[in-house]
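Asks:
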Amino acid sequence: MGSFVGYRCSVCGKTYQPDEVTYTCPEDNGILDVMLDYENLKGKEPADLILKDEFSLWRYFSLIPVSNLIGEGTTLRSAGWTPVFSPPQLKEKLGLKQLWVKDESSNPTASFKDRASAVLVARAKEIGAEVVVTASTGNAGAALAGMAAAVDQESVIFAPKTAPPAKIAQLLIYGARVILVDDNYDAAYQLSLEATEEYGWYNRNTGYNPFTAEGKKTAAFEIWEQVLLENPLDRPLAVFVSVGDGNIISGIHKGFKDLLEIGQIQTMPRIFGCQSTGSAAIYNAFLSGKEEILPVAADTLADSISVNLPSDGLRALRAATQTGGAYVGVEDELILQAISDLGEVGIFAEPAGATSYAGLKKALEDGLVAEDDPVLVLNTGSGLKDVKAARQAAGEAPVIPPDLESVRKLLES
Ligand SMILES: *Cc1c(COP(=O)(O)O)cnc(C)c1O
Ligand SMILES: [Zn+2]
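Residue numbering for the sequence shown follows the numbering used here, beginning at 428 and increasing consecutively.
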């Protein structure tokens, strides 16, 4: 089991042994945080913690709670270790001195979700699970289906039938058993839990299985290695994350907490959650100042973050409140604009992927971050996932007859 020593409930604080529970806290259904053997991990050099020839999230194997490094030679071993860009045009446009964009679209199934699914499939193999299952707005399912296919693990995916066609195509191509639900994500989520119970599957649902955040936290480790170790900063890094269910932001917070706990960082980055105002349950709670997340009737074109009641809402809220960050709400209009802004520097994001950049612009306007603050924005998913939204952002191209005269007219008009 390496450094995995147990779980702590995020609501009541009760702790459990690794083999005592599988999903949430039996007392109050609180989400469980995985605890590592922090004493034993303290005081090491970064090189002692990093497998430097492993160019995937598995380079942080010493901090991931699974005991076997599986999937050699497969896409499961290429999830993570995504590039970080620092586009001069965006810095200038925003007036920021230090800006990084971490592009998660280069993951094997083209979204951030591969991090969770890779670790979850490794865990499934370890506990001998025959079938893994998840509810998904599309990306989590594609990631689970892809990572499972890589190591011959059977998978079942429940998704709303309105998921973008590209995501449904991925599910089918990766050979998952795909079940489209004639309702929203929240309903697919509930149904997947009932089916899990009925058939004894291993469930990856976000805000339910404690291992998803353990995969997602590896993005924080990469930010540490790619940005913090390379650029000593005068101020805490401000990290912008799009938020739906709230598990990515919770995972990133957990990653930085692990690093702080073992002495690899001394300053906690400020974490900013970005939601569409059409799906803003956690943003609303942030504004209310209370740790109470109330459901909304979600309606946003950013399908990956469209959720009525976020399943990891409490931890997601704390990621901002405990780090001196904040939540920002952005209209869908601004999300489309952000897709175009990122496109102009060669980064292609789906709506949820660009929501973090839209949130950064809003935070600068509102004075939540200043020009001297170092900033990192995550693009969580590829624009190819949702071509319809991309075309909405970009507008139409002109169509002309096939002659040079028409080209001339067009260029002069
Ligand atoms: C899932 C997802 C998010 C949001 O992650 P949560 O854990 O649901 O908050 C953001 N962007 C993309 C592209 C996603 O697929
Ligand atoms: Zn509890």
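Note that the Cβ used here is the ideal one computed from N, Cα and C, for glycine as well. Keep in mind that this is a model prediction, so the values were computed, not measured.
Report the rounded CA-to-CA distance for Ser677 versus Lys479, giving the unit in angstroms.
Replies: For the purposes of this step, residue 677 is taken as the residue at position 250 of the sequence shown. For the purposes of this step, residue 479 is taken as the residue at position 52 of the sequence shown. For Ser677 and Lys479, the distance between alpha carbons rounds to 26 Å.
Asks: Under 6 Å from any heavy atom of ligand 2, by CB: list those residues in chain order, please.
Replies: Taken from the N-terminal end onward, the list reads Cys436, Val438, Cys439, Lys441, Cys452, Glu454, Asp455, Gly457.
Asks: Determine the DSSP secondary structure at Asp530, reduced to helix, strand or coil.
Replies: For the purposes of this step, residue 530 is taken as residue 103 along the sequence shown, with counting starting at 1. Three-state result, Asp530: strand.
Asks: Consult DSSP for Pro473 and reduce its assignment to one of helix, strand or coil.
Replies: Your numbering for residue 473 matches position 46 in the sequence shown. Residue state, collapsed to three classes: helix.
Asks: Residue ranges of each beta strand (DSSP E) run of no fewer than 3 residues wholly in the segment 601-677, ordered along the chain?
Replies: The segment 601-677 contains these whole beta strand (DSSP E) runs: 604-608, 665-669.
Asks: Asp661: which of Gln693, Tyr465, Phe683, Ile698 sits nearest, CA to CA?
Replies: Sequence index remark: in the sequence shown, residue 661 carries index 234 (1-based). Asp661 has its Cα closest to that of Gln693, out of Gln693, Tyr465, Phe683, Ile698.
Asks: Spatial neighbours of Ala614 within its chain, please: C-beta separation below 8 Å, excluding the five flanking residues on both sides.
Replies: As a working note, residue 614 is residue 187 in the sequence shown. The answer, listed in chain order, is Pro587, Val608.
Asks: For Met428, which three-state DSSP category applies?
Replies: Reading the sequence shown from its first residue, position 1 is the one you call residue 428. With a pLDDT of 42 at Met428, under the threshold of 50, the modelled position of that residue is not reliable, and the figure given next carries that caveat. Met428 falls in the coil class under three-state DSSP.
Asks: Measuring from the CB of Asn566, is there a heavy atom of ligand 1 at a distance below 7 Å?
Replies: Sequence index remark: in the sequence shown, residue 566 carries index 139 (1-based). Answer for Asn566: yes, Cβ within range of ligand 1.
Asks: On the premise that Ser538 lies in contact with Lys789, defined as a C-beta separation below 8 Å, what is that separation, rounded to the nearest angstrom?
Replies: Here residue 789 is taken as the residue at index 362 of the sequence shown, counted from 1. Here residue 538 is taken as the residue at index 111 of the sequence shown, counted from 1. The pair is not a contact, with the Cβ atoms about 23 Å apart (cut-off 8 Å).
Asks: Hey, Asn467 and Ser494: beta-carbon distance below 8 Å or not?
Replies: Taking the sequence shown and counting its residues from 1, one reaches residue 467 at position 40. Taking the sequence shown and counting its residues from 1, one reaches residue 494 at position 67. Their beta carbons are not under 8 Å apart, which means Asn467 does not touch Ser494 by this criterion.
Asks: Let's see if you can read the secondary structure: which residues bound the beta strand (DSSP E) around Pro778?
Replies: Residue mapping note: residue 778 aligns to position 351 of the sequence shown, counting from 1. It is not in any beta strand (DSSP E) - Pro778 instead sits in the alpha helix (DSSP H) that spans 778-792.
Asks: Could you compute how far the alpha carbon of Ser619 sits from the alpha carbon of Pro829?
Replies: For the purposes of this step, residue 619 is identified with residue 192 of the sequence shown, where counting begins at 1. For the purposes of this step, residue 829 is identified with residue 402 of the sequence shown, where counting begins at 1. Each residue's alpha carbon lies about 53 Å from the other.
Asks: Evaluate Met428 with the Cβ neighbour count: other Cβ atoms within 10 Å of its Cβ, from every protein chain shown; 16 or more gives buried, anything less gives exposed.
Replies: Counted from its first residue, the sequence shown places residue 428 at position 1. Confidence in Met428 is poor, its pLDDT being 42 and thus under 50, which makes the residue's placement too unreliable to answer from.
Asks: Where Gln764 and Val772 are concerned, what is the direct C-alpha to C-alpha distance, given to the nearest angstrom?
Replies: The residue labelled residue 764 in the question sits at position 337 within the sequence shown. The residue labelled residue 772 in the question sits at position 345 within the sequence shown. Roughly 13 Å separates the two Cα atoms.
Asks: Is it right to say Arg504 is buried, meaning 16 or more other beta carbons lie within 10 angstroms of its own, or is it exposed?
Replies: Residue numbering aside, residue 504 sits at position 77 when the sequence shown is read from its first letter. Flag for Arg504 reads buried.
Asks: Could you tell me if the beta carbon of Glu641 falls within a distance shorter than 7 Å of some heavy atom in ligand 1?
Replies: Residue 641 sits at position 214 when you count from the first residue of the sequence shown. It does not: the Cβ of Glu641 is nowhere closer than 7 Å to a heavy atom of ligand 1.
Asks: Could you check if Val834 is buried or exposed, using at least 16 other CB atoms within 10 Å of its CB as the buried criterion?
Replies: For this step, residue 834 is matched to residue 407 along the sequence shown. It is exposed - the Cβ of Val834 has fewer than 16 other Cβ atoms within 10 Å.
Asks: Under the DSSP definition of a beta bridge, which residues are partnered with Gln702?
Replies: As a first step, residue 702 is located in the sequence shown; it is residue number 275 there, counting from the start. Bridge partners of Gln702: Gly756.
Asks: Whose C-beta lies closer than 6 Å to the C-beta of Val511 among residues of the same chain, with five residues either side of it excluded?
Replies: Here residue 511 refers to the residue found at position 84 of the sequence shown. So the list reads Trp527, Lys529, Gln653, once near-sequence residues are dropped.
Asks: My guess is that Ile720 and Gly740 are in contact by the Cβ rule of under 8 Å, so how many angstroms apart are they, rounded?
Replies: For the purposes of this step, residue 720 is taken as the residue at position 293 of the sequence shown. For the purposes of this step, residue 740 is taken as the residue at position 313 of the sequence shown. Sure, about 4 Å apart at Cβ, within 8 Å.
Asks: If we count the other Cβ atoms within 10 Å of its Cβ and call it buried at 16 or more, is Ala712 buried or exposed?
Replies: Here residue 712 is taken as the residue at index 285 of the sequence shown, counted from 1. Answer is buried; the Cβ neighbour count reaches 16.
Asks: Can you find the residues in the same chain that come closer than 6 Å, C-beta to C-beta, to Ile600, ignoring five residues on each side of it along the sequence?
Replies: Along the sequence shown, one-based indexing puts residue 600 at 173. Closer than 6 Å at Cβ, skipping near neighbours: no residue.
Asks: What does the alpha-carbon distance come out to for the pair Gly673 and Ala743?
Replies: Position 246 of the sequence shown holds residue 673. Position 316 of the sequence shown holds residue 743. About 5 Å.
Asks: Measuring alpha carbon to alpha carbon, tell me which of Val668, Glu839, Thr501, Leu687 ends up nearest Gly780.
Replies: Taking the first residue of the sequence shown as 1, we reach residue 780 at position 353. Nearest option by C-alpha distance: Val668.
Asks: In terms of residues, what are the limits of the beta strand (DSSP E) holding Asn735?
Replies: Within the sequence shown, the letter at position 308 stands for residue 735. Looking at the DSSP string, Asn735 is not in any beta strand (DSSP E), and its letter there is neither H nor E.
Asks: Starting from Asn806, trace the beta strand (DSSP E) in both directions and tell me its first and last residue.
Replies: Your numbering for residue 806 matches position 379 in the sequence shown. Looking at the DSSP string, the run of the beta strand (DSSP E) that includes Asn806 is 802-806.
Asks: Pairs of beta-carbons, one from the segment 456-475 and one from the segment 630-643, closer than 8 Å: are there three or more?
Replies: Output reads yes: the segment 630-643 touches the segment 456-475.
Asks: Run through DSSP, which three-state label would Val826 get?
Replies: Here residue 826 is taken as the residue at index 399 of the sequence shown, counted from 1. Here Val826 sits in coil by DSSP.
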